[in-house]
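Chains as they are written, first to last, in this note's numbering: chain A, 14 to 219; chain B, -2 to 98; chain C, 406 to 520; chain D, 72 to 493; chain E, 5 to 310.
Note that the Cβ used here is the ideal one computed from N, Cα and C, for glycine as well.
Given the structure is predicted, the values throughout are model-derived calculations rather than measurements.
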Amino acid sequence: MEHSIAVDIAFLLLAVLAVVAGWRVFRTDSMVRASFFLLVSFIAVGAIMILLAAEYLGVAMFFMMAVEMMVMALFMVMFMMNPAGLNPMMMVHQHRLSIVAGGVAFVILAAMALFSSFPADPLPAGLDPVHSLGEEMLGDSMLIFESAGIVLLATMIGVVVLSSHRGRYGAAEEGSMPPGLEPGGDPAGQPEDDESGGGHAHHHHH
Amino acid sequence: MTLVTLLLLAAALIGIGLYGALSQQSFVMLMMGLELILNGVMLAAVAFWAYSGAGAPEGQLLTIIVMAVMAIEMAMGFALVVAVFRGKQADTTEALSELKQ
Amino acid sequence: MELLTLVIILSLALGAGLLIQWLPQRHQPIPPYSQRAPFLGGGTPDTHAWNRYHIRYYPMTLLLIAFEMEMMFMYPWAVVFVEKGMMAVMEMGMFLAILSVGIVYAWREGVFRWQ
Amino acid sequence: MAVSWLRQLAARSRVPVFPVWGWHDDALLARLALSSQVELVDSPRHASVLLVIGEIPAALRDGLRRLHDQLPAPFAAVWLRGAPIVALGAPVQIARDDQLIETLVRTHRELMLGQRESAPRLLPDEPPNPWKGLGDDGHGGEGMMGGNPYGRPMAMNMQNDLRDGLTLDSLTFRLGPFFPLLPAGLCAEVTLQGDVIQSWETRHAALPQRLDPIFHAARQHPVSIADLELARARHHLVQLYRALHLAGLEHVAHQAVSLSQRLTSSSRLDGLRRQLMRSGIFRLAAMDGVQLDGELASHLGGPAARAAGLEVDLRTNDASYQSLGFRPQYRTAGTTRARWEQWLGEIKQSLQLARQAERDNLHTANTGAVETPRGPWADERPADGSALLDEVLPGLEWDEAMTLIASLDLRAVADAPREASA
Amino acid sequence: MIESLASLLMVTVVLVLGPYVVAVLDRLVATPTGAMAGDVWLGPLSRAAWLLTQQANATEAPDWQAWRLSPALYLALAAVGLAVVPWSPTLIATDLVTSVVLWGSVEALATVVIFLQGWSANAVLPLIGAYRYVALGLSYILISMFVLIGVALPAESLQWTQVVTAQESLWNVIRQPLGLPLFLVVGLGLTFWGPLNLADSTDLAGGTSAEVSGPSRLAWELARAVMLVAFSAIAATAFLGGWLGPWLPGPVWVLLKTLAVLALLLWLGHRLPRVAPERCVTLMWVVLLPLSFVDLIWAGVLALWA
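Shown next, in the form of C-alpha cells:
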C-alpha cells in the first residue's frame, strides 16, 4: 500500500495521542476525565483505521465509543466517591505486579510483531470495504450476524433484569424499594404503586 | 505506517490496558483497562486486514465482533455493578468476589 | 486529500473556538472568590457540586449500548440492501423484531421512566 | 482603535439586566419585559446591570451582596425606589420610574465605553473555607473525602437510606433570596439527590406583594367592578407571563405581558389561549405531577384553592356580582395544569364580568371583604404560603418543582397598595 | 486541488457568516410583527461585542481544560458536519465513503461535549443541565441512525453525494415522509433548541451556561449556531435533494434549502414549550423510535420496489 509522507506523520501523531491518552486514563484523578481520555484514545485508533482504508470501522469507532464512554462517565459519577478527583487519590492494588505484567505483555507482543514475518498481502485495488463487509455479513457469515443479534437481545434483557429498579426477578428487586427521603420516612417519588406515599397525595406523572 | 509499527502501537495499548485491568481496585476503572486491551486488539485486526489479509472481509468482521463483545461486556458489567451495589454499597473488585459465593 | 481538508477545517474551528476565548482574556486576572461562588440566587452551597449523582435514567443507557451495537451492523447492511433483495428484507425484519422485543420488554419493565 | 470600535458596538447592545425585586411591581416588570432595549436575564453571569427595586430587608442583604459580587466585570448596580446598601462607590440611583429604561441604557453604555468604572466587589476575595493543598498539583485536601479542597468540603453521603438502594451523595445548598424562578425573598435550604428534591426547608418567606390599589379601596368603599376585574385579570396575566417564561414559550409570554398592559374590558384572551393550546404545552410539560389537595390549597385560597376543587370565592356573597350571575369557576384536579387552566378561565371570566359591569356601571356591594387575585381578604390579609413548599416539593424533579412554584402565588399581601407608577 | 480549496473556502465562509444568519433569522422568526426591526441587523453584532467586552467567569474549582475546550470542540464538531455537506457533485470538502456515518458520529460526540460544558463548572445548576442533556442525547441518537439508514437505503451507499444522486427522481422528503420530521426532532436535540433545550433551560437559570459569561459564552453560542447551520445543511442534503434543482447553480440551491430548514427549526423552537426531561426519554423511545422503525421499513420496501 502506497501512501504519502502526510499519512506517516498523521499516523505518528495519532499513535502518540492514542498511547498518551490511554496512559492518562490511569493517571488522572478525575474519573470523568479518565473516561474521556479513553474516548480520545479510541478516537485516535479510529482515525488510524480510517487511514488504513477501513472507513466504516474507523467512523463506527467514533460513534460507538462516544456513546460507550459517555455511559462510562455516567457510571463513574454514580459509583465513585470523589468522581471529579478534587482530592488526589490512588486506588490501586498489586501495583508493582501490574506494571510488570503490562510491561511484559508489551515486550512479548512487540517481539512477536518485530520478529515474526507476516505475509504481505495488501488490500486489492478497487476494494469497497463497506460493501465487502455488507456482503460478508449477509453472505458467508450470516450465522455470526444472526447470533450476534440474539446475543444482543439477551444482553438487553439481562441488562434490564439486572439494573431495572422495578425488575420482577428477585435479585434486582432487592433494595429497590425506595426507602423514603428521610430515614424511616415513607417511600417517596415512586411512580405507580404508591399513590398515598409521603402523607400527601402526590405522585409522579405517567 | 507499516504493519510492524501498527502492531507495536497495538501492543502498547494492550500493555497499558493490562496494567490498568490488573491494578485498578474499582470495578469501573478495571473495565476501562479491558476496553483499552480490546482497543489494541481491534487495531491489530484492522492492521492485519489491511496489510496481510488481502482485504478478506473476515478481518473487518472480527473487529466488529470485538466491538460487540466490548459493548456486551460493558452493558452487562455495569448492570452487574448496579445489582451488586444495591446490596453491598461498594464497587471494588473485592466486593464482586463475594458475589460468587 | 479529503482527510487533509477535514483536518484543516477541524483545526480551524477548534483554533477559532479557543482563540475567541483566549484573546480577549489573556490580560484579565482570574475573578475574585466572591464572584466565583456558584450562582444560587444569593444562596450558598455547603459542598462542591461534583458528587455521586443519582442519574435516574441509567437503565436506559445500558439498553442503549446493546441497541447501538445492532445499529453498527445495520450500516453495512444498508449498502447491500437493494442488491440482496429478499434476504436483506428478512434480515431487517429480524433486526427490527429483536429491537422491538427489546423496547417493549424494557418499556414494560419501566426502564424509560426515571428511577 | 480596535478596542474602542468594539466597545462602541457593545454599547449599542440591549442591556442585559438581572432584576432583584424588593417590592414587586407588575407594571415595572411589564415595562422591563416589553422594552426592546432591555433584556431580562436569569443568571447574573449574563447581566451587565444589577437592578435592585425597592427596599431590601436587612435579613436578605447578605444574599444581595453575594449576588452583587457574582456579576462579571464590567457591571453596575442600579437602585430604584430604595437606598443602596452601604459600602458602594458611585451607585446609580433612579428617582423616578419613568427614567428606568433610560438610566439602564445609559449605565450600560457608560460601562461599555469605559466612562464608568465597574462596581467594586462587596465581599472579601477569599475562599469560603481555608484550604491547604495536598497531592501532586497541590490541589486536594486530605484523605479521599476529607479536607476542604478549594475551600469547600466534598459532597458526601449524609444519609445511608436512599431511594434506589445505591449509595449516592446528596447536595445541600441554600437557594434564594433572589433566585429568578422563586418569588423574591424566598430562601430555602434545599437538599438534592441527583435532580430530585430530597428536602426543602423554607428559611425566609417570600416578600409580600403590593396589590393594585383598587383591592385596598374595595375594602373602604364600593368600587367599579369593571376596574376591579381588569386589575384581577392583569395580575393573573403577569403570573402567566412568569410561568410561560419558565416553560420556554417566550413568544406567548411576551403576548401575555403586553396584553396585561393594554387590557380593557373589550380585550380578548382567545388569541393567547389558542397559541397556548397549539403549542401543546399541556402534553409536553410536566404539569400533572403533584396534586395540591384541598387542605393545602385552602391555606392559599384564591385560584389555587379553586383549582383544587374548592368552590370558595368572596365574590359569590356580593349582591352586585350575584346580579351579574357570577358563579365561581373551579377545577378539581389541583395540579399545575389545573391552575393554568384556572388562570385562563378566570381571566376570561374577569373580562366578561368587566364587560357586563361596564355596561351597567356596576359597583361592588360588599366592602368588608374582597376577593383579591391572591385569595380572599375578609378579616385578615392573605398570608404567606411559602412554608407550603416544604411539604409539596420533596420527591419532585427540579423542572417539575420549578413549574409547580411558578403556578402558585405564594406571596402575602402587603398592607400598603402598589404605588401608582409614574 | 482547486476543488478542495474552493470547498475549504465555502465551509469557512459558512462558519463565519452562519452564526450571524442564525441570529438574524431567529430575531425575524421570534417577532413576526417586526417590533424590533432596528435591532435585527445590528443586534447580533452588538451582543457579540458586549460578550467580548465582558469578563469570562470562573467558578471555585472548575475543570479548566474541559471548560474552555468544550465550546471549541462543539464548534469543531459543527465544522466537521459542514465539511461533509456536498455543495455540488464535486464541491465537497470531505467526500468520505462513510460520510453519513461520520455525521452520525458528530451527533454522538456532541453529547459528550455538551455534557462536559455543564460538568466542568462544578456548580449544581449546570450539572443538572448536563445530566439531563445526556438523557436526551442518548435517546435521539438511535432515531437519527434509523433515519440516516433509511436515507442510505435507496442510495446503496453511506456517502452524502450518493444520497443526493439517488434523489434525482424524487426527493426523500416525499419518498420517506416520516424522515424529515423525525430528523428535525434530532436537530432540535442536537442543538438543544426550543422544546428540547434541556441543557440550557430556563428552570436552571441557563443550565450548562448559567455560570459562563463573556467570550466563553460567545464561543458556546457561536458553536451552537454553527451546529444549527450544519444540521440544516445535512437535512437539506438528506431530504431536500441537496444541490439538485433547476436554473440555479448547485451551491445556491444547497444554501437556499439550508436556510429553509434553518428557518423551520428556529420557528419550531419558538412555538413549542420545553419538554419535561422525564417525559422526553419516554417520548423518544416509545413514540419516536417506533416511528423511525416505520420510516425504515417504508424506505426499505420502497427501495426494493423501485
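Using 8 Å for Cβ pairs, my map puts L81/E next to Y137/E. What's the rounded Cβ distance?
Contact between L81/E and Y137/E is absent: CB atoms are separated by about 15 Å, not below the 8 Å threshold.
Considering only residues of the region 228 to 292 of chain D, which uninterrupted alpha helix (DSSP H) runs meet the minimum length of 4 residues and lie entirely inside it, listed in chain order?
Taking only runs of at least 4 residues, the alpha helix (DSSP H) segments lying wholly in the region 228 to 292 of chain D are 284 to 288.
Quick one: what's got a C-beta closer than 6 Å to T262/E's C-beta in the same chain, skipping five residues either side?
Around T262/E: S236, A237 and A240.
So, with DSSP's three-state summary, where would you put F297/E?
Helix at F297/E.
Would you mind giving the Cβ-Cβ distance between F131/A and S49/B, rounded to the nearest angstrom? I have them listed as a contact below 8 Å.
Correct: roughly 5 Å between the Cβ atoms.
Determine, for V38/B, whether the minimum Cβ-Cβ distance to residues of chain A falls below 8 Å.
Contact of V38/B with chain A is not assigned, every C-beta pair being separated by 8 Å or more.
Strictly below 8 Å CB to CB, what residues from chain C border I61/B?
Those are M477 and F478, listed as they occur along chain C.
Distance, Q164/D Cα to R85/D Cα:
Going by the C-alpha atoms only, they are around 20 Å apart.
Three-state secondary structure (DSSP) of I165/D:
Here I165/D sits in strand by DSSP.
Would you give the residue range spanned by the beta strand (DSSP E) that I124/D belongs to?
Element bounds for I124/D: V120 to I124.
Close-in-space but distant-in-sequence residues of the same chain around A227/E (CB under 7 Å, 5 per side omitted):
Non-local C-beta neighbours of A227/E in its own chain, meaning closer than 7 Å and more than five positions away in sequence, comprise P75, Y78, L79 and A82, ordered along the chain.
Say whether chain E places a C-beta atom closer than 8 Å to the C-beta of E496/C.
Not closer than 8 Å to any Cβ of chain E, the Cβ of E496/C fails to qualify, so no.
Taking all protein chains shown into account, do 16 or more other C-beta atoms lie within 10 angstroms of the C-beta of M29/B, making it buried, or fewer, making it exposed?
In summary, M29/B is buried, with 16 or more beta-carbon neighbours lying within 10 Å of its beta-carbon over all protein chains present.
Range of the contiguous beta strand (DSSP E) that encloses A148/D
Boundaries of the beta strand (DSSP E) around A148/D: A147 to L151.
Measure from the alpha carbon of L205/E to the alpha carbon of each residue in A255/D, W469/D, L475/D and T273/D, then state which is nearest.
The question names Leu, yet the displayed sequence has Ser at residue 205/E. Closest by alpha carbon: W469/D.
Just to confirm, are V484/C and H106/A a CB contact at a threshold of 8 Å?
The answer is no: Cβ separation not under 8 Å.
Give the C-beta separation of L270/E and A454/C to the nearest angstrom, bearing in mind that I take them to be a contact with Cβ-Cβ under 8 Å.
Actually they do not touch by this definition, with Cβ atoms about 32 Å apart.
Report the option in W164/E, E64/E and V105/E whose CA atom is closest to the CA atom of M479/C.
Comparing alpha carbon positions, the residue from W164/E, E64/E and V105/E closest to M479/C is V105/E.
Kindly say whether M465/C, judged by its beta-carbon, lies nearer than 8 Å to any beta-carbon of chain B.
For M465/C, the answer is no, since every Cβ of chain B falls outside 8 Å of its Cβ.
List, in chain order, every chain A residue whose beta-carbon is nearer than 8 Å to that of A65/E.
Within chain A, the residues L99 have their CB atoms less than 8 Å from the CB of A65/E, given in chain order.
Just confirm the distance between the C-beta atoms of L244/E and V291/E, as a whole number of angstroms; I'd bet it's less than 8 Å.
Contact doesn't hold; Cβ gap of about 25 Å is too wide.
Assumed close pair E110/D, V91/D - CB separation to whole angstroms, cut-off 8 Å
Rounded, the Cβ-Cβ distance is 16 Å, inconsistent with contact.
Find the nearest neighbour of V81/B within the set G98/A, F76/A, A97/A and F92/A, judged by alpha-carbon distance.
Cα-wise, what sits closest to V81/B is F92/A.
Just the Cα atoms here: how many angstroms apart are F119/A and V25/E?
Looking at the two C-alpha atoms, the distance is approximately 53 Å.
Going by beta carbon distance, what residues of the same chain come within less than 8 Å of E195/A, once the five residues before and after it are set aside?
Low confidence applies here, because E195/A scores a pLDDT of 39, under 50, leaving its location unreliable and the question unanswered by this model.
Report yes if the C-beta distance between L340/D and L422/D is below 8 Å; otherwise report no.
When the beta-carbon positions are compared, L340/D and L422/D come within less than 8 Å of each other.
Residues of chain B with CB closer than 8 Å to the CB of H89/A, please, in chain order.
Just to set this straight, residue 89/A is Met in the shown sequence, not His. Neighbours of M89/A on chain B, chain order: V25.
Can you give me the C-alpha to C-alpha distance between A404/D and A60/E, rounded to a whole angstrom?
When rounded, the distance between both Cα atoms is 47 Å.
Could you give the C-beta distance for L135/D and P115/D, rounded to a whole number, given that I count them as a contact under 8 Å?
Not quite, the Cβ-Cβ distance comes to about 11 Å (not below 8 Å), so this is no contact.
F89/D bridges to which residues according to DSSP?
Its beta-bridge partners are L121/D.
Look at the alpha carbon of V506/C and the alpha carbon of E159/A, and state the distance between them as a whole number of angstroms.
The alpha-carbon atoms of V506/C and E159/A are separated by roughly 15 Å.
Is the CB-CB distance between R187/D and A82/D below 8 Å?
Cβ distance not < 8 Å, so R187/D and A82/D don't count as in contact.
Kindly indicate if chain A contains any beta-carbon less than 8 Å away from that of Y312/D.
Contact with chain A is absent for Y312/D, since none of that chain's Cβ atoms lies less than 8 Å from the residue's Cβ.
State yes or no: is the C-beta of L70/A within less than 8 Å of the C-beta of A23/A?
In this structure, A23/A does not lie closer than 8 Å to L70/A by Cβ.
I need the DSSP call for E172/E, collapsed to helix, strand or coil.
Three-state DSSP puts E172/E in coil, outside helix and strand.
When I413/C, S439/C, W519/C and L469/C are compared against F75/B, the one with the closest alpha-carbon:
Nearest to F75/B by C-alpha distance, out of I413/C, S439/C, W519/C and L469/C, is L469/C.
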